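Colleague: Chains as they are written, first to last, in the working numbering: chain A, 1 to 301; chain B, 1001 to 1316; chain C, 2001 to 2325.
Even glycine gets a Cβ: it sits at the ideal position worked out from N, Cα and C.
This one's a predicted model, so the numbers in the text were calculated from it and none came from an experiment.
Handing you this structure, nothing more for now.
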């Protein structure tokens, strides 16, 4: 009750909070990127992976798909990350995996964001029938476990890398559509949209200039989180023989392979670490990106 | 000559799964060039719904709004008619009426007429900013870099961009601090006088409207109960609700004097009382009030809807 | 006899990224038993921060100096337990937005009675009876029915009455009302003002009423403090203070409000905007906006000095000021 015996911390608002917050935030997020250590680390990790992908043949000591009799060797001087069940060098496979897993995951997420974002934007802005239609479509996709639906799609179109991408875009666009739609709904009634329409700006221009930039932030952050999911789903598909065909070095399928026998931890841990670093780096970058995109976080007056 | 005419406008909201709410139940208003018409009413009286219809943001469920003699087309999926951009609006919340992600200058440019081309466009933006007392450098900045009062000036500059002839100001200073309130009010009044625009100034603050409006209309539960030249309305309110509003304004005096209270609560517009809508709270209510009183003229640009003020039958 | 609430030379600084950010400077303020005291100023002037200090609601890391005594007991050094004793039974608060103080999913009755059962050790029946009494006291029509209703079923004014009833549950001696009528319509505001005045007369409740509206200040309070940029700039009996201001800021505020004068006459705005904490100009904080500024204003902060019966003003000008009309 109002006696404040149980105090809502929101009520204890410091005065001039807006300006004060701006100062506090401005001190961290408003700094140039090179002065935010976490972002620098994330950028360096991604740069390193890019280099590794480009220079894979120079870095990898072995052919990533060459099998040998040295199966299940632990990490050693000869095999830094050990070897897997077919005697393939895990280090070389991780290095080559960067060439496959990162671009594939990026492509899936980018396409899903584009498709889902567009549908969500239009659904939220136009509303009515279109909104109903798009939302029921997302319900339809949400009704199935992602992997089952992805399997069905690839099974229907035939297993290939391209169809795996298509399948994963089909199962992952609805989250973006929903997130963008709800962001659009919250700003649809904002008076700056009304104001620009009153000045004679057309609805499409308003959508592009006013609605899109103000609603895309959460979806971009979500996309960086979904990158990890994309890698894992892709792995599951290839494990089932519906994605990039074995023996292609793909991180997800490597993790899946190693997961069969955890006493040989190195088989799955190293590609798993590769996935982890990429996903984490993208997440951090996504956060920084969101801050950058929002002028409210830029340096004050 | 009138620039903006609101005729028998009704507005109905249809919340999902509930009975329609009649927010505005037949309102007539007119705004002439160089005139400030104040529209006063308490929350829920329908003044904001009326403002949106008057600006062409939403369609009335009945009645018509005319700007410069032509009916206003409510915004739809088409670009607004070029001959209607002279009807502009200033919104209540300056934190929500500017796009946070576009530089101020860009937002002002949206309204600069297409005839103004090339470098003249930027010059026009600087002119507009100057007009509202902001430096030209404001154009390159973003809304968050300004205080509430400054943002409202920027919003006014944007509304001025298409050289409007009528501005609808919906509670333009309610969200502002005392010092910026006076600044923004003075700016608006100055612009009206200088540019000969008409302005519909909507506010819950009768004292403020009294200060600036030429004509004041008082709205209660979707209807205008009284309209009159401002000074007359303030000095000789005819409608009991107008009187109650004036008496409720706290005043500065040497000894504390509590403002007069008004019995009851504003009824839910979804089931407004039949007959005179103010009757259940009116200290002067009598049997005739069970029937809705007609609006009768009581002088030049003055009218009241109350059974206490009916013209005397001619034969008496 | 000392005052019920006695704030003496209170200074508050909040933690900021570049070191402590001073918010309140040298604030002295008293509220007597059963007194209605007004605290006025624009947003960010420190009036709400003063209330938060008195209720122990300062954000973590806030630094305070000076003293704030309630009923003779120092508040600034209280521990958690001590605060719990003071809040509710000693000092209670109502806010501008009553919905912030009411849980939307619980009935008004549950919220009122639970509070009394926990903090006053009442049984269900007694708490219920008291809740009805309280709602009756704040003039809520049909209190029995109101107990079964949810907050959203009330209008803004009624919700504020319910919030006041809740604040009164533990019979506090001081009620701090932070802009309780700002979000309400004038006719509804009039009702709340009348209610607070009646509570003071009937129960001896002391009220500290925080507002930016000088009209409300005048209508309700006997004595007032005007805040600017974290300081008290003028204090005294409200009527005298508002009809004959001594500080240029008070005079400027009066000039900027609609004063019921001639129609068509412009208001007299105060140029510029209040400085943010940490960005105060040297000397008098109002000097950059003051119409009466002199050289000496820019060097030292003028202290509060006596300016008439029971009045103080923090300005180098020692005469009554004209209010621009």
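Given a limit of 7 Å on CB to CB distance, which residues of the segment 173-204 of chain A reach chain B?
Modeller: For the segment 173-204 of chain A, which is checked against every Cβ of chain B, the residues closer than 7 Å are 190, 191, 192, 194, 195, 196, 197, 198, 199, 200, 201, 202 and 203.
Colleague: With a cut-off of 9 Å, does the C-beta of residue 2136 of chain C fall near any C-beta of chain B?
Modeller: Closer than 9 Å: no.
Colleague: Identify each residue in the segment 1244-1269 of chain B for which the Cβ-Cβ distance to at least one residue of chain C is less than 7 Å, and report them in chain order.
Modeller: Result list: 1244, 1245, 1248, 1249, 1250, 1251, 1252, 1253, 1254, 1255, 1256, 1257, 1258, 1259, 1260, 1261, 1262 and 1265.
Colleague: Among A:280, A:270 and A:235, which one has its Cα closest to the Cα of residue 104 of chain A?
Modeller: Of the listed residues, the one whose Cα sits closest to residue 104 of chain A is A:235.
Colleague: Residue 1099 of chain B versus chain A: which residues are under 9 Å apart at the beta carbon?
Modeller: What residue 1099 of chain B touches in chain A: 190, 192, 193, 195, 196, 209, 210, 213 and 214.
Colleague: In angstroms, rounded to a whole number, what distance separates the CA positions of residue 1064 of chain B and residue 1206 of chain B?
Modeller: Cα-Cα distance, rounded: 27 Å.
Colleague: Counting only the same chain and skipping the five closest in sequence on each side, list residues whose C-beta sits under 8 Å from that of residue 2311 of chain C.
Modeller: Taken in chain order, the residues that qualify are 2234, 2235, 2236, 2237, 2240, 2241 and 2246.
Colleague: Comparing alpha-carbon positions, which option in B:1161, B:1180, B:1042 and B:1225 lies nearest residue 198 of chain A?
Modeller: It is B:1161.
Colleague: Beta carbons nearer than 9 Å to chain B: which residues of the segment 2197-2224 of chain C have them?
Modeller: Per Cβ criterion, the list reads 2197, 2212, 2213, 2214, 2215, 2216, 2217, 2218, 2219, 2220, 2221 and 2222.
Colleague: Determine the direct distance from the alpha carbon of residue 1011 of chain B to that of residue 2006 of chain C, and round the result to whole angstroms.
Modeller: Roughly 54 Å between the two C-alpha positions.
Colleague: Identify whether residue 182 of chain A lies in helix, strand or coil by the three-state DSSP scheme.
Modeller: Helix at residue 182 of chain A.
Colleague: For my contact list, residue 1183 of chain B and residue 1222 of chain B are in at a C-beta cut-off of 8 Å; report their separation, rounded to the angstrom.
Modeller: Not quite, the Cβ-Cβ distance comes to about 33 Å (not below 8 Å), so this is no contact.
Colleague: Enumerate in chain order the residues of its own chain whose CB-to-CB distance from residue 1043 of chain B is below 7 Å, with the five nearest sequence positions on each side excluded.
Modeller: Counting only Cβ-Cβ distances below 7 Å, and skipping sequence neighbours, we find 1204.
Colleague: By the DSSP assignment, the beta strand (DSSP E) with residue 1204 of chain B in it spans what residues?
Modeller: Looking at the DSSP string, residue 1204 of chain B is not in any beta strand (DSSP E), and its letter there is neither H nor E.
Colleague: Should residue 259 of chain A and residue 108 of chain A be called a contact, given that it needs their Cβ atoms to be closer than 9 Å?
Modeller: For residue 259 of chain A and residue 108 of chain A, no; Cβs fall outside 9 Å.
Colleague: Between the segment 1069-1091 of chain B and chain A, which residues of the former have CB atoms less than 7 Å from a CB of the latter, in chain order?
Modeller: Correct list: 1075, 1077, 1079, 1080, 1082, 1085, 1088, 1089 and 1091.
Colleague: Out of C:2198, C:2213 and C:2212, which one is the CA nearest neighbour of residue 2206 of chain C?
Modeller: When each option's Cα is compared against that of residue 2206 of chain C, the closest is C:2198.
Colleague: To the nearest angstrom, how far is the alpha carbon of residue 2322 of chain C from that of residue 2244 of chain C?
Modeller: So the two alpha carbons sit approximately 8 Å from each other.
Colleague: Within 10 angstroms of its Cβ, does residue 1287 of chain B collect 16 or more other Cβ (buried), or is it exposed?
Modeller: With fewer than 16 Cβ atoms within 10 Å of its Cβ, residue 1287 of chain B is classed as exposed.
Colleague: List, in chain order, every chain C residue whose beta-carbon is nearer than 7 Å to that of residue 1185 of chain B.
Modeller: Per Cβ cutoff of 7 Å: 2267.
Colleague: My understanding is that residue 2046 of chain C touches residue 2230 of chain C, with C-beta atoms under 8 Å, so please give their C-beta distance in whole angstroms.
Modeller: Right, the Cβ-Cβ distance comes to about 4 Å (below 8 Å), so this counts as a contact.
Colleague: From residue 60 of chain A to residue 264 of chain A, what does the alpha carbon distance come to, in whole angstroms?
Modeller: About 21 Å.
Colleague: For residue 1002 of chain B, I'd like the list of residues in its chain whose CB is within less than 7 Å of its CB, leaving aside the five on either flank, ordered along the chain.
Modeller: Once the five neighbours on either side are set aside, the close Cβ partners of residue 1002 of chain B are 1030, 1031 and 1032.
Colleague: For the segment 2045-2071 of chain C, enumerate the residues whose C-beta is nearer than 9 Å to any C-beta of chain B, in chain order.
Modeller: Here the close residues number zero.
Colleague: Taking 9 Å as the CB-CB limit, is residue 1056 of chain B close to chain A?
Modeller: Yes, contact with chain A.
Colleague: So, using beta-carbon positions, are residue 1068 of chain B and residue 1086 of chain B closer together than 9 Å?
Modeller: It is a contact, given that the beta carbons lie within the stated cut-off.
Colleague: Tell me which same chain residues have a C-beta within less than 7 Å of the C-beta of residue 1107 of chain B, skipping the five on either side of it?
Modeller: If we look at residue 1107 of chain B and ignore the five residues flanking it on each side, its Cβ neighbours are 1098, 1099 and 1158.
Colleague: Using the three-state DSSP reduction, which class does residue 154 of chain A fall into: helix, strand or coil?
Modeller: Note: residue 154 of chain A maps to helix in three-state DSSP.
Colleague: With a threshold of 8 Å, are at least 3 pairs of Cβ atoms found where one atom belongs to the segment 2099-2113 of chain C and the other to the segment 2149-2164 of chain C?
Modeller: Touching, yes.
Colleague: Assuming contact is defined by CB atoms lying nearer than 9 Å, are residue 1156 of chain B and residue 1188 of chain B in contact in what I supplied?
Modeller: For residue 1156 of chain B and residue 1188 of chain B, yes; Cβs fall inside 9 Å.
Colleague: What separation, rounded to the nearest whole angstrom, lies between the Cα atoms of residue 2223 of chain C and residue 203 of chain A?
Modeller: Answer to the nearest angstrom: the Cα atoms are 55 Å apart.
Colleague: Helix, strand or coil for residue 2184 of chain C, going by three-state DSSP, please let me know.
Modeller: Looking at residue 2184 of chain C - three-state DSSP - the assignment turns out to be coil, as it is neither helix nor strand.
Colleague: Going along the chain, which unbroken runs of the beta strand (DSSP E) with 3 or more residues stay wholly within the segment 1216-1274 of chain B?
Modeller: DSSP runs (the beta strand (DSSP E)) wholly in the segment 1216-1274 of chain B: 1223-1229.
Colleague: So what does DSSP say about residue 1278 of chain B, is it helix, strand or coil?
Modeller: Three-state DSSP puts residue 1278 of chain B in coil, outside helix and strand.
Colleague: Distance cutoff 9 Å, beta carbons only. Does residue 1110 of chain B sit that close to anything in chain A?
Modeller: Residue 1110 of chain B counts as touching chain A.
Colleague: Going by the DSSP bridge assignment, what does residue 2128 of chain C pair with across the sheet?
Modeller: According to DSSP, residue 2128 of chain C bridges with nothing at all.
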